[in-house]
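Take a look at the structure set out below.
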Amino acid sequence: MKQSTLFTKTRREAPADEISKNAILLTRAGFINKEMAGVYDFLPLGLRTLNKIISIIREEMNALGAHEIFMSSLQRKELWQRTDRWDDKSVDTWFKTNLKDGGELGLGFTHEEPISNMLEQFVSSYKDLPFSVYQFQNKFRNETRAKSGIMRTREFIMKDLYSFSTDVAQHEKFYNRVAQAYRNVFDRTGIGHLTYMTRASGGSFSKFSHEFQTLCEAGEDIIHITDGGKKEAVNKELGDGVGEAHKAVEVGNIFTLGTRFSDPYLKFKNEEGKEVPVFMGSYGIGPARLMGTIVEALSDDKGIVWPKEVAPFRVHLIALGDVKELADEAYKTLEAKGIETLYDDRDARAGEKFADADLIGIPTRVVIGEKSLESKTLEVKERTSEEVKYMTIENLIAELKK
Ligand code: ATP
Ligand code: MG
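Each residue of the sequence shown is one higher than the last, beginning at 0 in numbering that gives the first Met the number 0.
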């Protein structure tokens with residue numbers, strides 16, 4: 000992408016109405032736009048990163064054998080009444096609205112009820128189980144604390160996965176595979192080293208759930224690390240207090256639901272011919288919360304630091320001085336080799352271009368200056384290092400393909 004064609008602009012100053020680091024940096028770098036408190040738009044750079052995170056999660060869900068669907072946001076009141084989750088007293092984050100001809104609707108904050116209702120028509124025998132289904136879908140929550148940028152918003156994409164098993168033993172096998180898939184997601188998005196599988200309360204569904212908590216000063220949770228080597232922790236809410244306490248952000252969670260949402264609606268005939276409820280689990284990740292967490296945990300005083308797999312581009316190519324022909328050529332070569340490149344072809348000063356590159360946070364910066372015309376070498380620097388290397392375009396491509 001040629002930066003001269005990008006309509007977004009970077010800003011030197013932090014927006015006056017933001018206090019969280021992720022919102023300040025992502026706004027200054029042109030990744031997001033705030034519509035109102037707790038509601039954000041994703042701009043070209045922001046959408047590229049969000050989509051990369053989504054792709055990684057999708058690959059890991061598909062590897063579990065789960066099938067992707069897409070359910071509606073508008074929800075029927077009756078479905079939620081039968082599990083006693085319609086009343087504002089039981090769920091205080093509902094956004095509700097009215098139909099013109101009367102009757103109330105809800106904007107879904109999760110999907111256990113509609114998904115178990117939808118599946119009733121497909122499940123009748125133990126032979127129909129187990130299976131799992133997931134979606135990337137907009138959730139609406141009337142959150143009271145919406146001050147954490149894209150980490151806690153009132154409208155957000157959630158990856159929600161649901162599993163359907165015959166019994167607890169079959170469920171536990173799948174649950175453990177999801178735990179590993181989640182570890183893969185956080186490793187691949189660059190925060191695995193900071194993320195702990197954390198025992199937490201199971202709510203009204205089961206004794207425990209597991210949260211994936213990433214160490215970060217902006218976190219709203221406190222976790223106690225119980226095994227640093229195995230990246231395991233316990234949430235402070237469970238009372239105990241063994242091990243060192245750390246602030247952390249919940250980037251995902253996995254839940255044993257048991258038969259809370261299937262009994263008495265989603266039943267099947269077991270091998271003995273007896274009708275019993277399906278055993279369920281649910282598993283969430285917020286891709287935008289994950290994106291905000293990466294910014295909170297990895298950025299430095301100059302700007303954002305994107306891990307390679309989620310960066311909006313792999314290379315930030317910067318042309319300085321009268322080098323248009325050579326720089327255009329390098330840009331074409333990189334793109335032809337499948338290396339996603341943001342090409343700063345703007346007519347701007349070196350200092351401005353470097354400051355923007357640091358703020359935007361693309362992993363590798365490549366400068367073509369007037370010296371490159373003779374030497375045919377490019378100046379290559381990683382975002383996280385001060386060391387500058389000189390190499391030909393062929394060497395650069397070989398290096399990036401490693
Ligand atoms: P929290 O305790 O932080 O409010 P939660 O327990 O409500 O989270 P779930 O309902 O299980 O979270 O949602 C699954 C995942 O969706 C969370 O782990 C998180 O990554 C993401 N998520 C939840 N609420 C929000 C929100 N308001 N904005 C962005 N992402 C969210
Ligand atoms: Mg919540």
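In this text, a Cβ means the ideal position worked out from N, Cα and C, and glycines have one as well.
As the structure is a prediction and not an experimental result, all values here were calculated from the model.
Requested in this report: Leaving aside the five residues before and after Gly291 along the sequence, list all residues of the same chain whose C-beta is less than 6 angstroms from its C-beta, in chain order.
Outcome: For the purposes of this step, residue 291 is taken as the residue at position 292 of the sequence shown. Closer than 6 angstroms at the Cβ level, and outside the excluded window around Gly291, lie Asn21, Gly148, Ile149, Met150.
Report task. Could you tell me how far apart the beta carbons of Glu308 and Arg187 are, in whole angstroms, since I believe they sit closer than 8 angstroms? Result -> The residue labelled residue 308 in the question sits at position 309 within the sequence shown. The residue labelled residue 187 in the question sits at position 188 within the sequence shown. Contact flag correct, Cβ pair sits at about 5 angstroms.
Report task. Compute every distance between the C-beta of Ala36 and the non-hydrogen atoms of the ligand ATP, then say whether any falls below 7 angstroms. Result -> Taking the sequence shown and counting its residues from 1, one reaches residue 36 at position 37. Relative to the ligand ATP, the beta carbon of Ala36 is positioned no closer than 7 angstroms to any heavy atom.
Report task. Give the single residue among Phe267, Val294, Met196, Gly201 whose Cα lies nearest to the Cα of Glu216. Result -> Your numbering for residue 216 matches position 217 in the sequence shown. Each of Phe267, Val294, Met196, Gly201 was checked against the Cα of Glu216, and the nearest Cα belongs to Val294.
Report task. Express the C-alpha separation of Phe130 and Ser164 in angstroms, rounding to a whole number. Result -> Here residue 164 corresponds to residue number 165 of the sequence shown, with the count starting at 1. Here residue 130 corresponds to residue number 131 of the sequence shown, with the count starting at 1. Each residue's alpha carbon lies about 7 angstroms from the other.
Query raised in the report: Under a three-way DSSP split, which group does Ile224 fall into?
Result: Counting from 1 along the sequence shown, the entry for residue 224 is found at position 225. DSSP places Ile224 in strand when its eight states are reduced to three.
Query raised in the report: Would you call the region 6-15 and the region 24-32 touching, i.e. three or more CB-CB distances under 8 angstroms?
Result: Contact holds between the region 6-15 and the region 24-32, because three or more Cβ pairs, one in each stretch, are under 8 angstroms apart.
Query raised in the report: Hey, is the region 191-205 in contact with the region 62-80, meaning 3+ C-beta pairs nearer than 8 angstroms?
Result: As far as the Cβ criterion goes, the region 191-205 does not touch the region 62-80, which means the pair count is below three.
Query raised in the report: By DSSP, does Thr165 sit in helix, in strand, or in coil?
Result: Looking up residue 165 in the sequence shown gives position 166. In the three-state reduction of the DSSP assignment, Thr165 falls in the coil class, being assigned neither a helical nor a strand state.
Query raised in the report: Anyone know if the C-beta pair for Asp343 and Ala318 falls short of 8 angstroms?
Result: As a position in the sequence shown, residue 343 is number 344, starting the count at 1. As a position in the sequence shown, residue 318 is number 319, starting the count at 1. Yes, they are a contact pair.
Query raised in the report: What do you reckon, are the CB atoms on Ala329 and Ile253 nearer than 8 angstroms?
Result: Taking the first residue of the sequence shown as 1, we reach residue 329 at position 330. Taking the first residue of the sequence shown as 1, we reach residue 253 at position 254. It is not a contact, given that the beta carbons lie outside the stated cut-off.
Requested in this report: Would you check if there are 3 or more beta carbon pairs closer than 8 angstroms linking the region 254-266 to the region 219-235?
Outcome: Taking 8 angstroms as the limit for Cβ pairs, the verdict is that the region 219-235 does not touch the region 254-266.
Report task. Within the region 312-397, note down every full alpha helix (DSSP H) run reaching 4 residues or more, in order along the chain. Result -> Contiguous alpha helix (DSSP H) elements confined to the region 312-397 occur at 323-335, 349-359, 370-374, taking only those with 4 or more residues.
Requested in this report: Would you mind stating whether Phe260 and Ser115 have Cβ atoms separated by less than 8 angstroms?
Outcome: What you label residue 260 is simply residue 261 of the sequence shown in a count that begins at 1. What you label residue 115 is simply residue 116 of the sequence shown in a count that begins at 1. Cβ atoms of Phe260 and Ser115: closer than 8 angstroms.
Query - For Val322 and Glu369, the rounded distance between their alpha carbons - result: Counted from its first residue, the sequence shown places residue 369 at position 370. Counted from its first residue, the sequence shown places residue 322 at position 323. As the crow flies, the alpha-carbon of Glu369 is around 6 angstroms from that of Val322.
Query raised in the report: Can you list the alpha helix (DSSP H) stretches of 4 or more residues lying completely in the region 20-56, in chain order?
Result: Runs of the alpha helix (DSSP H) inside the region 20-56: 20-27.
Query raised in the report: Going by other Cβ atoms of all chains shown within 10 Å of its Cβ, with 16 needed for buried, is Glu112 buried or exposed?
Result: Here residue 112 refers to the residue found at position 113 of the sequence shown. Answer is buried; the Cβ neighbour count reaches 16.
Query raised in the report: Whose C-alpha, out of Val366, Ala180, Leu358, is nearest the C-alpha of Leu316?
Result: As a working mapping, residue 316 is identified with position 317 in the sequence shown. The option with the nearest alpha carbon to Leu316 is Val366.
Query - Val419, enclosing alpha helix (DSSP H) - first and last residue - result: A query on residue 419 cannot be resolved here, the shown segment of the chain reaching from 0 to 401 and no further.
Query raised in the report: Measuring CB to CB, does Thr363 end up less than 8 angstroms from Val387?
Result: Translated into positions along the sequence shown, residue 363 becomes position 364. Translated into positions along the sequence shown, residue 387 becomes position 388. No, they are not a contact pair.
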